[in-house]
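Note that the working numbering numbers the sequence shown so that position 30 is 34, with each residue one more than the last. Each residue gets a CB set at the ideal place from its N, CA and C atoms; glycine is no exception. The structure presented is a predicted model; accordingly, all values stated were derived computationally and were not measured. Taking it in order: structure first as structure tokens, then the write-up.
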Amino acid sequence: MIAQRSPTFIMFSVRPSLIIAFLKPYPQQTNMILVLPKNIIEEIITRSRESKIEICGFIFGTKNGERFIGKEVEFIRNRLNSSVEFEMDPEEMINALERAERKGLEVVTIFHSHLNCPPYPSKKDIKGMENWRIPWLIVSLKGDMKAFILRSNNEVEEVKIITHPTQTLP
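Next comes the structure, spelled out in structure tokens:
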């Protein structure tokens with residue numbers, strides 16, 4: 005993951021060849037949980053399967069300690085228009101963040117798809133996680149999904165994902 009900082013945005017990119025090099029088991033973080041409504045997961049998987057490029061965006065919601073509760077999804081245009089890497093469009097990112105803030109929501113996960121490999125973070129993803137220390141949800145075209153977080157000790161840990169059957173989460 006290449007992450008470039010500027011005052012208003014962070015750009016991300018992913019290359020599948022690097023992702024494969026990092027397919028290793030990550031320790032499960034038992035007390036961290038990402039709770040997502042089933043409709044959000046279905047929409048992300050459907051869009052990833054329909055796209056010829058990597059999709060990306062935010063899931064907004066609330067945080068309660070180690071519990072991240074997703075409530076809304078915002079797809080952000082991949083300005084690289086690439087099947088092997090992504091950069092979120094900076095203007096769309098800012099607009100989405102402002103809309104969420106007006107609703108009292110915060111970013112609970114960043115998501116993106118991997119078109120040709122399993123849902124594990126690459127070196128470049130991990131670099132991006134240094135800037136956004138929240139769960140990163142990665143989905144594959146097969147419908148597999150995993151979430152990871154970079155902890156303060158710079159260890160990548162898998163985050164447990166719980167799906168909720170309704171849009172209105174507890």
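Considering only the alpha carbon of each residue, which of Asn82, Ile98, Phe152 and Thr66 lies closest to Gly108?
Locating residue 108 in the sequence shown gives position 104, where the first residue counts as 1. Gly108 has its Cα closest to that of Thr66, out of Asn82, Ile98, Phe152 and Thr66.
Output needed for Met36: all residues of its chain with C-beta closer than 6 Å, excluding positions within five of it in sequence on either side, in chain order.
As a first step, residue 36 must be located in the sequence shown, where it is residue number 32. The residues are Glu70 and Val163.
Per DSSP, Asn82 forms a beta bridge with which residues?
Your numbering for residue 82 matches position 78 in the sequence shown. Asn82 pairs with Met92.
With a CB to CB cut of under 7 Å and the five nearest residues on each side skipped, what residues in its chain are close to Arg53?
To locate residue 53, count along the sequence shown from 1; it is residue 49. Here the set comprises Leu145.
How is Glu162 classed by DSSP in three states: helix, strand or coil?
The residue labelled residue 162 in the question sits at position 158 within the sequence shown. Strand at Glu162.
DSSP puts Cys60 in a beta bridge; with which residues?
Mapped onto the sequence shown, residue 60 falls at position 56. According to DSSP, Cys60 bridges with Ile80 and His116.
In three-state DSSP terms, what is Gly132?
Taking the first residue of the sequence shown as position 1, residue 132 is located at position 128. Helix.
Out of Thr50, Met97, Ile114 and Ile166, which has the shortest C-alpha to C-alpha gap to Ile63?
Locating residue 63 in the sequence shown gives position 59, where the first residue counts as 1. Selected option, being the one with the closest Cα: Ile114.
Taking Lys42 as part of the alpha helix (DSSP H), name the residues at either end of that continuous run.
One-based indexing of the sequence shown puts residue 42 at position 38. Counting along the chain, the alpha helix (DSSP H) containing Lys42 begins and ends at Lys42 to Glu54.
Could you compute how far the alpha carbon of Ile45 sits from the alpha carbon of Val143?
Here residue 45 refers to the residue found at position 41 of the sequence shown. Here residue 143 refers to the residue found at position 139 of the sequence shown. Straight through space, the alpha carbons of Val143 and Ile45 are spaced by roughly 9 Å.
7 Å Cβ shell around Lys3 - same chain, five flanking residues per side excluded
The requested residue 3 is not part of the displayed model; the chain covers only 5 to 174.
Take the Cβ of Asp148 as the centre, count every other Cβ of all protein chains shown within 10 Å, and call the residue buried at 16 or more, exposed below.
Here residue 148 refers to the residue found at position 144 when the sequence shown is read from its first residue. It counts as exposed.
Consult DSSP for Glu102 and reduce its assignment to one of helix, strand or coil.
Counting from one through the sequence shown, the residue named residue 102 turns up at place 98. Correct three-state label for Glu102: helix.
Nearest-angstrom Cα distance between His168 and Asn43?
On the sequence shown, position 164 is the one that residue 168 refers to. On the sequence shown, position 39 is the one that residue 43 refers to. Going by the C-alpha atoms only, they are around 9 Å apart.
For Asn82, which residues from the same chain have a beta carbon less than 6 Å from its beta carbon, with the 5 sequence-adjacent residues on both sides left out?
Translated into positions along the sequence shown, residue 82 becomes position 78. So the qualifying residues of the chain are Ile57, Glu58, Cys60 and Phe90.
For a quick check, are the C-beta atoms of Leu3 and Pro122 less than 7 Å apart?
What the structure shows of the chain is the stretch from 5 to 174, and residue 3 is not part of that stretch, so it cannot be assessed.
With a CB to CB cut of under 6 Å and the five nearest residues on each side skipped, what residues in its chain are close to Glu76?
Along the sequence shown, read from residue 1 onward, the residue named residue 76 stands at position 72. Excluding sequence neighbours, Glu76 sits near Phe64.
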